[in-house]
Amino acid sequence: AELQARFDAIIEADQRIEPRDWMPEAYRKTLIRQISQHAHSEIIGMQPEGNWISRAPSLKRKAILMAKVQDEAGHGLYLYSAAQTLGISRDEMTEQLITSRARYSSIFNYPTPTWADMGAIGWLVDGAAICNQVPLCRASYGPYGRAMVRICKEESFHQRQGFEILLELSQGTPEQHEMAQDAVNRWYWPSLMMFGPPDDESPNSAQSMAWKIKRFSNDELRQRFVGMLVPQAEVLGLTLPDPNLRWNDETGQWDMSEIDWTEFNEVLAGRGPANAQRIQHRREAHEQGAWVREAAAAYAEKQAAKQRQAA
Amino acid sequence: AELQARFDAIIEADQRIEPRDWMPEAYRKTLIRQISQHAHSEIIGMQPEGNWISRAPSLKRKAILMAKVQDEAGHGLYLYSAAQTLGISRDEMTEQLITSRARYSSIFNYPTPTWADMGAIGWLVDGAAICNQVPLCRASYGPYGRAMVRICKEESFHQRQGFEILLELSQGTPEQHEMAQDAVNRWYWPSLMMFGPPDDESPNSAQSMAWKIKRFSNDELRQRFVGMLVPQAEVLGLTLPDPNLRWNDETGQWDMSEIDWTEFNEVLAGRGPANAQRIQHRREAHEQGAWVREAAAAYAEKQAAKQRQAA
Amino acid sequence: SPDVAEYAMRLGDDALILSQRLGWWISRAPELEEDMALGNIALDLLGHARSLLHYAGTATGRSEDDLAYWRDEHEFRCAWLFEQPNGDFAHTIARGLIAAIYMQELYTALSASTDASLAAIAAKSVKEVAYHRDHAVQWTLRLAGGTEESRARMLVALTDTWPYIDELFRDDELHERLGDAAPLPSSLRAGFDEIWSAVLAEAEIAEADFVNPKIGQSSGGGRFGNHSTHLGPLLAEMQVLARRHPGATW
Amino acid sequence: SPDVAEYAMRLGDDALILSQRLGWWISRAPELEEDMALGNIALDLLGHARSLLHYAGTATGRSEDDLAYWRDEHEFRCAWLFEQPNGDFAHTIARGLIAAIYMQELYTALSASTDASLAAIAAKSVKEVAYHRDHAVQWTLRLAGGTEESRARMLVALTDTWPYIDELFRDDELHERLGDAAPLPSSLRAGFDEIWSAVLAEAEIAEADFVNPKIGQSSGGGRFGNHSTHLGPLLAEMQVLARRHPGATW
Numbered sequence: 058a059e060l061q062a063r064f065d066a067i068i069e070a071d072q073r074i075e076p077r078d079w080m081p082e083a084y085r086k087t088l089i090r091q092i093s094q095h096a097h098s099e100i101i102g103m104q105p106e107g108n109w110i111s112r113a114p115s116l117k118r119k120a121i122l123m124a125k126v127q128d129e130a131g132h133g134l135y136l137y138s139a140a141q142t143l144g145i146s147r148d149e150m151t152e153q154l155i156t157s158r159a160r161y162s163s164i165f166n167y168p169t170p171t172w173a174d175m176g177a178i179g180w181l182v183d184g185a186a187i188c189n190q191v192p193l194c195r196a197s198y199g200p201y202g203r204a205m206v207r208i209c210k211e212e213s214f215h216q217r218q219g220f221e222i223l224l225e226l227s228q229g230t231p232e233q234h235e236m237a238q239d240a241v242n243r244w245y246w247p248s249l250m251m252f253g254p255p256d257d258e259s260p261n262s263a264q265s266m267a268w269k270i271k272r273f274s275n276d277e278l279r280q281r282f283v284g285m286l287v288p289q290a291e292v293l294g295l296t297l298p299d300p301n302l303r304w305n306d307e308t309g310q311w312d313m314s315e316i317d318w319t320e321f322n323e324v325l326a327g328r329g330p331a332n333a334q335r336i337q338h339r340r341e342a343h344e345q346g347a348w349v350r351e352a353a354a355a356y357a358e359k360q361a362a363k364q365r366q367a368a
Numbered sequence: 058a059e060l061q062a063r064f065d066a067i068i069e070a071d072q073r074i075e076p077r078d079w080m081p082e083a084y085r086k087t088l089i090r091q092i093s094q095h096a097h098s099e100i101i102g103m104q105p106e107g108n109w110i111s112r113a114p115s116l117k118r119k120a121i122l123m124a125k126v127q128d129e130a131g132h133g134l135y136l137y138s139a140a141q142t143l144g145i146s147r148d149e150m151t152e153q154l155i156t157s158r159a160r161y162s163s164i165f166n167y168p169t170p171t172w173a174d175m176g177a178i179g180w181l182v183d184g185a186a187i188c189n190q191v192p193l194c195r196a197s198y199g200p201y202g203r204a205m206v207r208i209c210k211e212e213s214f215h216q217r218q219g220f221e222i223l224l225e226l227s228q229g230t231p232e233q234h235e236m237a238q239d240a241v242n243r244w245y246w247p248s249l250m251m252f253g254p255p256d257d258e259s260p261n262s263a264q265s266m267a268w269k270i271k272r273f274s275n276d277e278l279r280q281r282f283v284g285m286l287v288p289q290a291e292v293l294g295l296t297l298p299d300p301n302l303r304w305n306d307e308t309g310q311w312d313m314s315e316i317d318w319t320e321f322n323e324v325l326a327g328r329g330p331a332n333a334q335r336i337q338h339r340r341e342a343h344e345q346g347a348w349v350r351e352a353a354a355a356y357a358e359k360q361a362a363k364q365r366q367a368a
Numbered sequence: 137s138p139d140v141a142e143y144a145m146r147l148g149d150d151a152l153i154l155s156q157r158l159g160w161w162i163s164r165a166p167e168l169e170e171d172m173a174l175g176n177i178a179l180d181l182l183g184h185a186r187s188l189l190h191y192a193g194t195a196t197g198r199s200e201d202d203l204a205y206w207r208d209e210h211e212f213r214c215a216w217l218f219e220q221p222n223g224d225f226a227h228t229i230a231r232g233l234i235a236a237i238y239m240q241e242l243y244t245a246l247s248a249s250t251d252a253s254l255a256a257i258a259a260k261s262v263k264e265v266a267y268h269r270d271h272a273v274q275w276t277l278r279l280a281g282g283t284e285e286s287r288a289r290m291l292v293a294l295t296d297t298w299p300y301i302d303e304l305f306r307d308d309e310l311h312e313r314l315g316d317a318a319p320l321p322s323s324l325r326a327g328f329d330e331i332w333s334a335v336l337a338e339a340e341i342a343e344a345d346f347v348n349p350k351i352g353q354s355s356g357g358g359r360f361g362n363h364s365t366h367l368g369p370l371l372a373e374m375q376v377l378a379r380r381h382p383g384a385t386w
Numbered sequence: 137s138p139d140v141a142e143y144a145m146r147l148g149d150d151a152l153i154l155s156q157r158l159g160w161w162i163s164r165a166p167e168l169e170e171d172m173a174l175g176n177i178a179l180d181l182l183g184h185a186r187s188l189l190h191y192a193g194t195a196t197g198r199s200e201d202d203l204a205y206w207r208d209e210h211e212f213r214c215a216w217l218f219e220q221p222n223g224d225f226a227h228t229i230a231r232g233l234i235a236a237i238y239m240q241e242l243y244t245a246l247s248a249s250t251d252a253s254l255a256a257i258a259a260k261s262v263k264e265v266a267y268h269r270d271h272a273v274q275w276t277l278r279l280a281g282g283t284e285e286s287r288a289r290m291l292v293a294l295t296d297t298w299p300y301i302d303e304l305f306r307d308d309e310l311h312e313r314l315g316d317a318a319p320l321p322s323s324l325r326a327g328f329d330e331i332w333s334a335v336l337a338e339a340e341i342a343e344a345d346f347v348n349p350k351i352g353q354s355s356g357g358g359r360f361g362n363h364s365t366h367l368g369p370l371l372a373e374m375q376v377l378a379r380r381h382p383g384a385t386w
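Protein chains in written order, with the working numbering: chain A, 58 to 368; chain B, 58 to 368; chain C, 137 to 386; chain D, 137 to 386.
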């Protein structure tokens, strides 16, 4: 009870919980779930874009894309490290991922059939991720908050690069313009769904907000995101695929079409286009690398034994 | 001695030695070496052309090429079977191939950088192979001779297809014509070398001719081949890359430039462009298929055991 | 009619892409007999693809090669199953098993098409597909009943390939418009399920042995030009030479 | 001069093609740290390639992208080593080891080039290549000294990759014409051999452990546009999008 009181006080004072601090079991579990899910999303998120590294249409774009996908591996690493401070191992998390016991962001279950998807993912998916993540930089758990600071900085760089890809395409040949519009059409709604179900149907949110892991509601974040997109779409010369989208002076909100959650729920239930492919890819990489990890461990062990002998 | 006399009589009468017949050990060994080398050549020979199945420029050509490469697998199979009648197993021969203890035709150590190589291989390499092989249809060892009858029939079909590919290219766009001429330039000399060293430097030939495994000398076959090529090259509208090539009425032979055996000897010694690649490809296919062959064997064994139990 | 052409293109693309995948195995199969068997299947499928694409092209004056080499990814109509990579031999067999059972049901029904050309192509193809099915079934039994390793690999292959079944049996407006010219895909499902279940039963495999409960049937999208990420690189390689020489004949 | 341009193109192609190969590993490496490390190396090499191809193109008014995307196979000048497939992780390491030792010798010597641009590119690249070499050496030691399986795989990888060493060190007329603008490849061999032998010794590997006595050094031919069969499909994939949209910018 005393511990609980101290924990509550830290949270109340907007200070940070550190790995050595006592924390309620539910808090720890929530964090592990959220951080590892976030890490898995970075790792699975390497695939849809990794798919275009070999075909990037200019060497400059190839370099930028390679660096981006590599950054995602880095984000995965920080986040796994943050989760490890809560007492779960990377192996355990990997195992949960490849056996589908842990989730990752559903957005990565869509394929990337064209180069313009590299732009749309950067602009819309990374954009939505940033809106979700910027508040997490102040998350009450220290290692998570600090990882997010670093990640957010890189993500906004990625978003700008996505925007640039789309701008170049939109102003390019008619075929390129069409490619860009098509990608925005395909990614717009899924990116809005990244903020999760409407507030009145989101059961976990209240507790997370009380714990200051989460600081804004799903709908608040979605509104903020749309508000950011509208002027940018104008600059791009691309249309957001919602005929009902307009600013409502009275409510001080963006009016928009009702989101059709049917598809989202299908993807979430494992019936998106690429769910199976994503897990297969990750599992194969993991399993085909097993002998390498074993070799590295065996070698390290031998080296350590030699050093002990020498000492 | 009586056995030897009977063997000699069969050979003398141009009749055939069959697996159940007695034969001198040297004859058996020579045949095993030659037939397995021939089988290996078919199997390794699948690679340079197999490389273009995925990129064949029309569906008709794709079908023809696929059928051709598949025929080569079939030839390999007949020949391995013929060799097996002499008391060597397929596993043993495969092992010899992937450890480079057995040879295959050096011609397959060249790469196939362009589609025109599919034509040049058919016209020149298969053409040379036919000149070498037609006499083998009368080889004194029965299973070998019979395998060769079937193989030669298919090979001459392949040669005609190669000729057609070159004809189409030669009469096509200037780029296609150039592609065809370039391929002929690269494959002409290596195909002449397929008949082996000049007669005065070919030590094994005499014995093989006495045993009626072989029926014409290297140089005789080479002359015959060139005589076949010259009129065909004219029809193709392509040039054979030998400025000194002309018919000599006095000798009744084709005059030609001295063959430069340096490169041939390099390739033979394992220093051609693709020697390493060919063996690596075959070894990987063999090793990666090991678990499948083991599964098939285990399954067959279990089925047999069930049948025995039922009986 | 354009509808029949669109339908023929779907079937032709399925056969073409699967054939392209299988062609890779020639010179790489676990044994020579399989170089030949997989090569045979690839050749048969290529034959079906040529007939179907030739027929599909007549509506718009395009040749089989125009359709195979000069369409972009979003213009292809194959289902996701056929685009899946070869993986190990077990993955190739799992994909081949689903494909062959499906194709046999399809071509059997299509032999009764009111469209004479489709009926003729189907009648010819159905015999070859019977051999493909037999090949896949035999290998499924061998791998499932062979060694521990082969059984484990077969199960993984089924896990990875199973999600692409449903797409094959989805009806859409095209099928409604076609009427008796083509069977409704959904009408083939019962026949498929019967064979599929019988094969799994003989291999002593239960669905629970391979189905990941968190992953359902892929929504696919190939019939409308939305493809898995595997198709793009396949087409890049398949089309590279033809596109390098526009207008050339070969 | 055209000679310097040709030389820069050779080096640029080596870096470009190896980078293209390594990019495949990103999302497929044995551990996340390797996704990052191999990605880093690929990025460094791509940077070198861009500098070198940019410089090579100035002679003829072509951009780095003109050279990367619009040359056909026979116009590429990379050596066969760099075209070799990734294989398993051991093959990638063996190829990377040879490449990095070679490149470090090369860029060290080239830093003293009388051609200021080549010297500057080399001076910048040599630091990065030192890291690549260290990465490959560490993994060679780990794989050779790790488990039985990893040692066996490392030896096979050396068997398959070793034949592509000689091509890197062959002098030709271009080098003679370049004079002090570039080192003779043969002059780099002693330095290469020293490091190579030292690494093998530390890994307790003798040449006899991996050299197939029947297979010598490949004659290659990449410097003159004659490539292994692996380059064609690589280029088909790399160039497909750019070529689909001639004249477009990205």
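C-beta atoms are modelled at their ideal positions from N, C-alpha and C, and glycine is treated no differently.
Fair warning: this is a prediction, and the values are worked out from it, not measured in the lab.
{"query": "Three-state secondary structure (DSSP) of Tyr198 of chain A", "result": "strand"}
{"query": "Limits of the unbroken alpha helix (DSSP H) element including Trp246 of chain A", "result": "Pro231 to Met250"}
{"query": "Beta-carbon contacts of Ala255 of chain C that lie in its chain and below 8 Å, excluding the five residues immediately before and after", "result": "Leu246, Ser247, Ala248 and Ser249"}
{"query": "Which residues DSSP lists as bridging Asn305 of chain A, in chain order", "result": "A:Gln310"}
{"query": "Closer than 8 Å to chain D by CB, Glu149 of chain B", "result": "no"}
{"query": "Sub-8 Å separation of Ile208 of chain A and Tyr135 of chain A beta-carbons", "result": "yes"}
{"query": "4 or more residues per run - each alpha helix (DSSP H) lying fully within the stretch 65 to 115 of chain A", "result": "82 to 101 and 103 to 107"}
{"query": "Per-residue contacts from Ala333 of chain A into chain C (C-beta, under 7 Å)", "result": "Asp296, Pro299, Ile351 and Ser354"}
{"query": "Cut-off 7 Å between Cβ atoms - residues of its own chain near Thr301 of chain A, not counting five sequence neighbours on either side", "result": "According to the sequence as given, residue 301 of chain A is Asn; it is not Thr. So the list reads Asp312, Met313 and Ser314, once near-sequence residues are dropped."}
{"query": "C-beta atoms of Ile237 of chain D and Arg278 of chain D nearer than 8 Å", "result": "no"}
{"query": "Minimum Cβ-Cβ distance from Thr403 of chain B to chain C less than 8 Å", "result": "As displayed, chain B neither begins before 58 nor continues past 368, which places residue 403 of chain B out of reach and without an answer."}
{"query": "Supposed contact pair His97 of chain A and Ala159 of chain A - C-beta distance, whole angstroms, cut 8 Å", "result": "6 Å"}
{"query": "Gly368 of chain D versus B:Tyr201, B:Thr171, B:Ala204 and B:Gly202, residue with shortest Cα-Cα distance", "result": "B:Thr171"}
{"query": "Cut-off 6 Å between Cβ atoms - residues of its own chain near Gln233 of chain A, not counting five sequence neighbours on either side", "result": "Leu226"}
{"query": "Beta-carbon neighbours of Glu373 of chain C, restricted to chain A and to distances below 9 Å", "result": "Within 9 Å Cβ-Cβ: nothing; Glu373 of chain C doesn't reach chain A, min ~12 Å."}
{"query": "Glu284 of chain D, buried or exposed, once every other Cβ within 10 Å from all chains shown has been counted against 16", "result": "exposed"}
{"query": "Limits of the unbroken alpha helix (DSSP H) element including Asp329 of chain C", "result": "Arg325 to Glu338"}
{"query": "Contact under 8 Å by Cβ, Thr228 of chain C with Trp161 of chain C", "result": "yes"}
{"query": "Limits of the alpha helix (DSSP H) - the one that Trp216 of chain C falls within", "result": "Trp216 to Glu219"}
{"query": "Same chain, Cβ closer than 8 Å to Gln216 of chain A, five either side skipped, listed in chain order", "result": "Gly179, Trp180, Asp183, Gly184 and Ile187"}
{"query": "Interfacial residues, the stretch 203 to 236 of chain A to chain D, with Cβ spacing under 7 Å", "result": "Glu225, Gly229, Thr230, Glu232 and Gln233"}
{"query": "Nearest candidate by alpha-carbon position, reference Asp316 of chain D, set D:Leu291, D:Asp251, D:Asp296 and D:Leu371", "result": "D:Asp251"}
{"query": "Interface residues of the stretch 200 to 219 of chain C facing chain F [CB-CB below 8 Å]", "result": "Reference to chain F is not applicable here, since the protein chains of this structure are A, B, C and D."}
{"query": "Residue range of the unbroken alpha helix (DSSP H) whose run includes Asp180 of chain C", "result": "Leu168 to Thr194"}
{"query": "Any C-beta of chain C under 8 Å from that of Tyr356 of chain B", "result": "yes"}
{"query": "Beta carbon of Gln375 of chain D nearer than 8 Å to that of Ser111 of chain A", "result": "no"}
{"query": "Nearest-angstrom beta carbon gap, Leu182 of chain D and Met123 of chain A [assumed within contact, 8 Å]", "result": "7 Å"}
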